[in-house]
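Worksheet: one structure, shown below.
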Amino acid sequence: MEPITTVTSTSIPLMRENIDTDQIIPKQFLKNILKVGYGKNLFFDWRYVAPNKPNPDFILNKPERQGAEILVTGDNFGCGSSREHAVWALKDWGFKVVIAGGYSDIFYMNSTKNGVLAIILPEDQRKILAAVAPDAEITVDLPNQEVRYEDYTFPFDIDPLWKHKFINGLDDIAITMGYEDQIENYEANIPSYN
Amino acid sequence: MQQTMFDKLWNRHVISGKPGEPQLIYVDLHLLHEVTSPQAFEGLRENNRQVRRTDKTFATMDHNVPTKDIFNVQDAISRKQIETLAKNAKDFNIRLAGMGHEDQGIIHVVGPQLGLTQPGMVIVCGDSHTATHGAFGSIAFGIGTSEVEHVLATQTIWQTKPKTMGIHVHGKLPHGVYAKDIIMGIIAREGVAFGTGNAVEMYGDTIENMSMEERMTLCNMGIEGGAKMCMVKPDQTTFDYVAGRKYAPKNMDKAIEDWKQYYTDSPEAFDQVIDFDVSNLAPFISWGTNPGMSVPVDQKLPEIKNDDDQKAYDYVGLHPGEEATDIPIQFIFFGSCTNGRLSDLKIAASILKGHHIAEGMQALVVPGSRAIKKAAEKMGIDQIFKDAGCEWREPGCSACLGMNPDQVPAGLHCASTSNRNFEGRQGAGSRTHLASPAMVAYAAINGHFVDIRKEEA
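Sequence lines, in order, name chains A and B. Residue numbering for the first sequence follows this note's numbering, starting at -11 and increasing by one per position. Residue numbering for the second sequence follows this note's numbering, starting at 2 and increasing by one per position.
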């Protein structure tokens, strides 16, 4: 996992509530066996009016929005299907940070495994961020747990363990393998019904 | 201190860490399917890691499988995923119910059917409808592919303990009203995110009187209300269901003695309790583009309250104030991990018997597993569906999400026994209306929904 500390970037607002993972990446793109290459199909049904024909009105397709690394969105983002492809698609497109009112539990966990920082801010603060100009930059400062834009500073919460993993880009499995003795001890005490 | 069933289950599975922080939790059963596992196995290979407990891991194929000619997977990428799972299972020595295997089917149907799913377990799978297994009094939840890899390598998972919520479900279900209507009614009232961050337990006399298949329907759709997990206390109904199945404990008495400790001491132990009286509940139909956008069958479609409602109406081509029973239905889907079990097919068949589906309508019947298909055929249920004009298919996820060729054509309204009515879920431009198998069966005959409470028992 790539470390993530401070992201300063332009942003894209997509202020709908309950954006489900079927919308983020539809089922026809789940058939790959790789973790990359999903970005071109991110928000596919909204993004294209026909195959290879982008919808010019959809914000991800606007020339002035290209290169944005921060997505500002509504409540309950990433609900529905558990597909991690949703996070891979956001990441592959170039998003490093999502700022929403809340997340489904599975989407949130998936984001922590892929170095996509999922932040929760209240609606009034997100409305301010959603209104920033296409060329204006927002700063997301993970060490200080702040989102900054012009004179605004919005603090956010994050679990210390996830924060540590993000900043250091740590591989979960390697960490867990350090618990081998405890896992073995647990297994030795599982009751048998045979 | 009073504890919930969830607290007892959780505490028993903690390997390391304190409450309030991510804790390392032991996994008793890891279920796999072909869509969310390839990258996990690739990760193991890249790091030269093994599957820690192949005896606690089980795989089947469901999302991509064709339901017409199962061995003829025409989509090259679907075929690649299926072949990849077969290779991964072989390379890593994992039990696999592959294409055509007698145990093959939707993973959440197969686990319980084989007795793999048992009370007291922590069960994970790279699929959000893993919630289903909570019906047995287990902690069961969907995970992402990175977590699949983590569980394969370590048989554990990092999780922060969720809050607890009790839903007291009480009253006698009226004629024509089913488990599906209860969970749709709860989500319609409480919203699609009411359960986020919560371990939800459903309890009360209504639940106690339910079969395991009904409890599975209920827990299956807990995730549509955002619940991290959804569970029911194990009781004699649960024990009777598990006993004698292929992978059931050999010493059932010993197992039951252990499982009986899983119950909530008192509702006061929950962080939050909500009440749901079913005695006047009506059958529900979804009209919009998430499972919370639904109405009782005898009501009109709701007013537009926000942008999302407007977008949903635009997508489904309906209008506020229309009668729910006036929605024209052109496509029918019986199946899915929500309502693709034998009891669901029996209910639908009993209604379709001696009738024919409406003119011009296409109806798919997709049993949840090969075992269900065989059992239904033995009972002659397949013939009832065929005589009614339905297509009797091979088991799989099918048109619930249309990863295989079973898709609802754009613009058509589908009455579906599945769990999600998201935009494009059943096919680009498809318009899904979720309902119980009985409601869908009557809609098949009439070409629109009817208030089945008025039909004869």
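All C-beta atoms in this analysis are idealised placements derived from N, C-alpha and C, irrespective of residue type, glycine included.
Check your understanding: Three-state secondary structure (DSSP) at B:W393?
Key -> Here the question's residue 393 of chain B lines up with position 392 in the second sequence. Reduced to three states, the DSSP call for B:W393 is strand.
Review point. So, is B:P113 buried or exposed, given that buried needs 16 or more other C-beta atoms within 10 angstroms?
Key: To locate residue 113 of chain B, count along the second sequence from 1; it is residue 112. Counting Cβ neighbours within 10 Å, B:P113 comes out buried, since at least 16 surround it.
Check your understanding: Taking Cβ positions, are B:T197 and B:V170 nearer each other than 8 angstroms?
Key -> To locate residue 197 of chain B, count along the second sequence from 1; it is residue 196. To locate residue 170 of chain B, count along the second sequence from 1; it is residue 169. Their beta carbons are not under 8 angstroms apart, which means B:T197 does not touch B:V170 by this criterion.
Review point. Leaving out the 5 sequence neighbours to the left and right, which residues in its chain are closer than 6 angstroms to B:V36 when beta-carbon positions are compared?
Key: By 1-based counting over the second sequence, the position of residue 36 of chain B is 35. Counting only Cβ-Cβ distances below 6 angstroms, and skipping sequence neighbours, we find H64.
Practice item. Closer than 6 angstroms by C-beta to A:F95: which residues in its own chain qualify, once you throw out the five before and the five after it? Chain order, please. Key: For the purposes of this step, residue 95 of chain A is taken as residue 107 along the first sequence, with counting starting at 1. Cβ neighbours of A:F95 beyond the five flanking positions: G66.
Review point. When the Cα atoms are used, what is the spatial distance from A:I13 to B:C401?
Key: Residue mapping note: residue 13 of chain A aligns to position 25 of the first sequence, counting from 1. Residue mapping note: residue 401 of chain B aligns to position 400 of the second sequence, counting from 1. In a straight line, the C-alpha of A:I13 is about 16 angstroms away from that of B:C401.
Review point. If you measure from the beta carbon of B:M213 to each beta carbon in chain A, is any gap under 8 angstroms?
Key: Residue 213 of chain B sits at position 212 when you count from the first residue of the second sequence. Not an interface residue.
Practice item. Determine the chain A residues that contact B:H151 at a beta-carbon separation under 9 angstroms, and present them in chain order. Key: Counting from 1 along the second sequence, the entry for residue 151 of chain B is found at position 150. The answer, in chain order, is K101, D160, I161, T164.
Point to revise | Spatially closest choice to A:A176 from B:G106, B:S417, B:H14, by CA coordinates | key: Translated into the one-based positions of the first sequence, residue 176 of chain A becomes position 188. The candidate whose alpha carbon is nearest that of A:A176 is B:H14.
Practice item. Taking all protein chains shown into account, decide if A:G25 is buried (16 or more other Cβ within 10 angstroms of its Cβ) or exposed. Key: Sequence index remark: in the first sequence, residue 25 of chain A carries index 37 (1-based). By the neighbour-count definition (other C-beta atoms within 10 Å, threshold 16), A:G25 is an exposed residue.
Practice item. Determine whether the Cβ of A:I21 lies closer than 8 angstroms to any Cβ atom of chain B. Key: Stepping through the first sequence from its first residue, residue 21 of chain A is reached at position 33. True, the Cβ-Cβ gap to chain B drops below 8 angstroms.
Check your understanding: Relative to chain A, which residues along the segment 118 to 133 of chain B have a C-beta separation below 7 angstroms, given in chain order?
Key -> G127, D128, S129
Practice item. Please confirm if A:S92 has its CB atom under 8 angstroms from at least one CB of chain B. Key: Here residue 92 of chain A refers to the residue found at position 104 when the first sequence is read from its first residue. Answer yes: the Cβ-Cβ gap between A:S92 and chain B drops below 8 angstroms somewhere.
Review point. So B:L117 and B:A41 are in contact, right, with Cβ under 8 angstroms, and what is the actual spacing, rounded?
Key: Walking along the second sequence from the start, residue 117 of chain B turns up at place 116. Walking along the second sequence from the start, residue 41 of chain B turns up at place 40. The pair is not a contact, with the Cβ atoms about 19 angstroms apart (cut-off 8 angstroms).
Review point. Where does the unbroken beta strand (DSSP E) through B:L30 begin, and where does it stop?
Key: The residue you call residue 30 of chain B lines up with position 29 of the second sequence. Note, B:L30: beta strand (DSSP E), 30 to 33.
Check your understanding: Taking any Cβ of chain A, which residues in the segment 337 to 370 of chain B have a Cβ under 8 angstroms from it, in chain order?
Key -> none
Review point. Excluding five sequence neighbours on each side, which residues of the same chain lie with their C-beta closer than 7 angstroms to the C-beta of B:A376?
Key: The count along the second sequence starts at 1 and reaches residue 376 of chain B at position 375. Sequence-distant partners of B:A376 (beyond 5 residues in either direction) whose C-beta falls short of 7 angstroms from its own C-beta, in its chain, are L343.
Exercise for review: Please report the residue range of the alpha helix (DSSP H) in which B:A350 lies.
Suggested key: To locate residue 350 of chain B, count along the second sequence from 1; it is residue 349. Where B:A350 is concerned, the enclosing alpha helix (DSSP H) stretches over 343 to 353.
Review point. Do you know how far the Cα of B:E378 is from the Cα of B:C391?
Key: Taking the second sequence and counting its residues from 1, the one referred to as residue 391 of chain B is at position 390. Taking the second sequence and counting its residues from 1, the one referred to as residue 378 of chain B is at position 377. Approximately 14 angstroms between the Cα atoms of the pair.
Point to revise | Where the alpha helix (DSSP H) containing B:F195 begins and where it ends | key: In the second sequence, counting from the first residue as 1, residue 195 of chain B sits at position 194. For B:F195, no alpha helix (DSSP H) run applies, since DSSP gives it neither H nor E.
Point to revise | Residue burial classification, A:V37 (beta-carbon count within 10 angstroms, cutoff 16) | key: Against the first sequence, residue 37 of chain A aligns to sequence position 49. By the neighbour-count rule (16 or more Cβ atoms within 10 Å), A:V37 is not buried but exposed.
Review point. Taking any Cβ of chain B, which residues in the segment 7 to 38 of chain A have a Cβ under 8 angstroms from it, in chain order?
Key: D8, D10, Q11, P14, K15, Q16, L18, K19, N20, I21, L22, K23, D33
Check your understanding: Would DSSP call B:C398 helix, strand or coil?
Key -> As a working mapping, residue 398 of chain B is identified with position 397 in the second sequence. In the structure shown, B:C398 sits in coil (DSSP, three-state: anything other than H, G, I, E or B).
Practice item. Starting from B:D276, follow its DSSP beta bridges and name the residues at the other end. Key: To locate residue 276 of chain B, count along the second sequence from 1; it is residue 275. Per DSSP, B:H169.
Point to revise | Contacts of B:W11 in chain A (Cβ-Cβ under 9 angstroms) | key: Counting from 1 along the second sequence, the entry for residue 11 of chain B is found at position 10. Going along chain A, no residue has its Cβ under 9 angstroms from B:W11, so there is no contact; the nearest lies around 14 angstroms.
Point to revise | Cβ separation of B:P178 and B:P284, assumed to be a contact under 8 angstroms, to the nearest whole Å | key: Sequence index remark: in the second sequence, residue 178 of chain B carries index 177 (1-based). Sequence index remark: in the second sequence, residue 284 of chain B carries index 283 (1-based). Residue identity differs from the one stated: residue 178 of chain B is Val in this sequence, not Pro. Taking C-beta atoms under 8 angstroms as the contact rule, B:V178 and B:P284 qualify, at a distance of about 6 angstroms.
Check your understanding: Interface residues of chain B around A:R4 at Cβ under 8 angstroms?
Key -> Within the first sequence, the letter at position 16 stands for residue 4 of chain A. The contacting residues are D308, D309, K312.
**Study point:** Nearest candidate by alpha-carbon position, reference A:Y91, set B:H414, B:V233, B:G227
**Key:** In the first sequence, counting from the first residue as 1, residue 91 of chain A sits at position 103. With distances taken between Cα atoms, A:Y91 lies closest to B:G227.
Review point. How about B:G143: is its C-beta nearer than 8 angstroms to some C-beta of chain A?
Key: Stepping through the second sequence from its first residue, residue 143 of chain B is reached at position 142. Under the Cβ distance rule, B:G143 counts among the residues neighbouring chain A, one pair being separated by less than 8 angstroms.
Practice item. Please confirm whether B:N83 and A:N20 have their CB atoms less than 8 angstroms apart. Key: The count along the second sequence starts at 1 and reaches residue 83 of chain B at position 82. The count along the first sequence starts at 1 and reaches residue 20 of chain A at position 32. Checking the sequence, you will find Ile at residue 83 of chain B rather than Asn. No, Cβ-Cβ distance for B:I83 and A:N20 is not below 8 angstroms.
Review point. What are the boundary residues of the alpha helix (DSSP H) that B:G223 is part of?
Key: In the second sequence, the residue the question calls residue 223 of chain B occupies position 222. Premise fails: B:G223 is in no alpha helix (DSSP H) and is neither H nor E.
Exercise for review: In angstroms with no decimal places, state the Cα-to-Cα distance between B:W11 and B:R421.
Suggested key: Position 10 of the second sequence, counted from the first residue, corresponds to residue 11 of chain B. Position 420 of the second sequence, counted from the first residue, corresponds to residue 421 of chain B. Each residue's Cα considered, the two are about 29 angstroms apart.
Point to revise | Of the residues A:S69, A:I7, A:I107, A:W150, the one placed nearest B:D308, counting alpha carbons only | key: As a first step, residue 308 of chain B is located in the second sequence; it is residue number 307 there, counting from the start. When each option's Cα is compared against that of B:D308, the closest is A:I7.
**Study point:** Coil, strand or helix - B:Y159 by DSSP
**Key:** For the purposes of this step, residue 159 of chain B is taken as the residue at position 158 of the second sequence. Contrary to the premise, residue 159 of chain B reads as Trp rather than Tyr in this sequence. In this structure, B:W159 counts as strand in the three-state DSSP scheme.
Review point. Do we get a CB-CB distance below 8 angstroms when we pair A:G157 with the residues of chain B?
Key: Stepping through the first sequence from its first residue, residue 157 of chain A is reached at position 169. Chain B contact via Cβ: absent.
**Study point:** Candidates A:L18, A:N98, A:I126: closest to A:F32 by CA position
**Key:** Residue mapping note: residue 32 of chain A aligns to position 44 of the first sequence, counting from 1. Per the C-alpha coordinates, the member of A:L18, A:N98, A:I126 positioned closest to A:F32 is A:L18.
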